[in-house]
Structure formats: C-alpha cells, structure tokens
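J.: Heads up: the sequence shown at position 94 corresponds to 166 in this note's numbering, and the numbers run straight through without jumps.
Here you go, one structure.
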Amino acid sequence: MNQDHQPTKSETSKPERSLAELLTFASATFILILIVGLVVYNWFTQKDQPPVLSVTRKGEIRQVKGQYYVPFAVTNVGGDTAESVQIIAEIRQNGQAEETGEQQIDFLSSGEIEEGAFIFTRNPNKGELSVRVASYKLP
C-alpha cells in the first residue's frame, strides 16, 4: 500500500474567480489606467508655463467701526506655482495716493484661488481704488 498521496488535478487547481471579482478587477484596472493616462497626458501637454496672476475685487466694501474692508481674490491661471505673491491696493484722490495696503500670499499653485481683504481708514468709495498684483517669485 502506497502512503504517498498524490494530489488530484482538482485539488491543485486554483479556484475560479466569480463574476463579481472579475468585474471589480476590471473596473479597478480601468481606473488605474485612466489615471496614469491623464497624468502622462498632462505631463506632455503642460509645458513649463509661467504663473499668470489676476486679482479681482470680490463682494461689497463694508464698514465696521470706522474701518473699510475691501475683499479680493487672486487667481493663478498659469502653469507654474508662484511664491511670495504681493498684492497692493491704493486709494487715490485728485491724483494723489491717500492710503495704500499690501498683502503677501506665500504660494499660489496653478488654478488656485486665495481670498483676503484690505482694511482702510478712508472710504474707498470717495476716491479711485485700485487693486493689483505687484510681484511674485518662482520656487
């Protein structure tokens, strides 16, 4: 009598995958390929473009306890990240700068929007208000 038991083919074969397992694997593989494809596409089409910064006034000027709050939003619509973004607001009357304010944003990546507010002691509605990006540096 031979005590060495040889496994049969059914004992050594791997169990078959269920339809749910196959669909889950196919879906996960498709999503992974899609993400990798988008990253590669973005890498080839996005050349090193410099930052393009725009600032807009956002919302109404409000007055609280004798101070005027001027909200703004700055957006980087360019390619690269900008660091040390400097925004300047100025109230001018009769051609003279009456009051100025400065804001510094540490960094602004592509497509990012940052919001803030300038605070003035003079009423911006009684003069000419300008808000602009003054400078930035590349990382």
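Even for Gly, the Cβ is constructed at its ideal location relative to N, Cα and C.
These numbers were taken from a predicted model, which means no experiment stands behind them.
1) On the DSSP letters alone, give me the boundaries of the beta strand (DSSP E) that T172 sits inside.
2) I need the straight-line Cα distance from L210 to R194, nearest angstrom please.
3) For I159 and I133, I'd like the C-alpha separation in whole angstroms.
4) What residues in its chain sit with their C-beta under 8 angstroms from that of Q215, if we drop five residues either side in the sequence?
5) Helix, strand or coil for K130? Go by DSSP, reduced to three states.
6) Where V136 and A145 are concerned, what is the direct C-alpha to C-alpha distance, given to the nearest angstrom?
7) With distances taken between CB atoms, is the gap from Q176 to S156 smaller than 8 angstroms?
T.: In terms of the structure at hand:
1) 168 to 180
2) 34 angstroms
3) 17 angstroms
4) With the chain represented from 73 up to 211, any question about residue 215 goes unanswered, as that position is not in the structure.
5) coil
6) 20 angstroms
7) yes
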